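Student: Attaching a single structure in structure tokens format; questions to follow.
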Amino acid sequence: MASLSTHWWIIAYDQVSWIASTMILTTIRNTVDPTPEIGYSREPNTEYVKSNNFGYAIIVVGELPYSKTFGDSLNLTIP
């Protein structure tokens, strides 16, 4: 399964060449003070959020990469 990440890229005719890629979670872990615990859940439910009593939340929403399709989803939702 491919992971979602932020990318810098160069687009050539009919292809994509990735020149750098940084995972958002890795960047957070490498940047913030190591003292607080950083929780992660790909699909958190209400129980996960309530039981961890988080002080802050960073929510990342995205779509899978695509090529040769109609483009961005017009109906991105958070269930």
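Be aware that the sequence shown starts at 42, since it is given in my numbering, and climbs by one per residue. We treat Cβ as the ideally placed atom computed from N, Cα and C, and that holds for glycine. For clarity, every value in this text was computed on a predicted model and none was experimentally measured.
1. Under the rule that 16 or more other beta-carbon atoms within 10 Å means buried, what is D55, buried or exposed?
2. Rounded to the nearest angstrom, what separates R83 and V102 at their Cα positions?
3. Pull up the distance between the alpha-carbon of N116 and that of G80, whole angstroms please.
4. If I measure Cβ to Cβ from I119 and keep anything under 7 Å in the same chain, skipping five residues before and after, which residues do I get?
5. Could you check what DSSP says for Y89 in three-state terms: helix, strand or coil?
6. Can you tell me the Cα-Cα spacing of K91 and I100, whole angstroms?
Tutor: The relevant details are as follows:
1. As a position in the sequence shown, residue 55 is number 14, starting the count at 1. With a pLDDT of 45 at D55, under the threshold of 50, the predicted position of this residue should be treated as unreliable, though the coordinate-derived value follows. The residue is exposed, with fewer than 16 neighbouring Cβ atoms inside 10 Å.
2. Here residue 83 is taken as the residue at index 42 of the sequence shown, counted from 1. Here residue 102 is taken as the residue at index 61 of the sequence shown, counted from 1. The straight-line gap from Cα to Cα measures roughly 10 Å.
3. Along the sequence shown, read from residue 1 onward, the residue named residue 116 stands at position 75. Along the sequence shown, read from residue 1 onward, the residue named residue 80 stands at position 39. The alpha-carbon atoms of N116 and G80 are separated by roughly 28 Å.
4. Taking the first residue of the sequence shown as 1, we reach residue 119 at position 78. Within its own chain, the residues whose Cβ lies closer than 7 Å to the Cβ of I119, once the five positions on either side in sequence are excluded, are V102, listed in chain order.
5. Your numbering for residue 89 matches position 48 in the sequence shown. Y89 falls in the helix class under three-state DSSP.
6. Taking the sequence shown and counting its residues from 1, one reaches residue 91 at position 50. Taking the sequence shown and counting its residues from 1, one reaches residue 100 at position 59. Approximately 15 Å between the Cα atoms of the pair.
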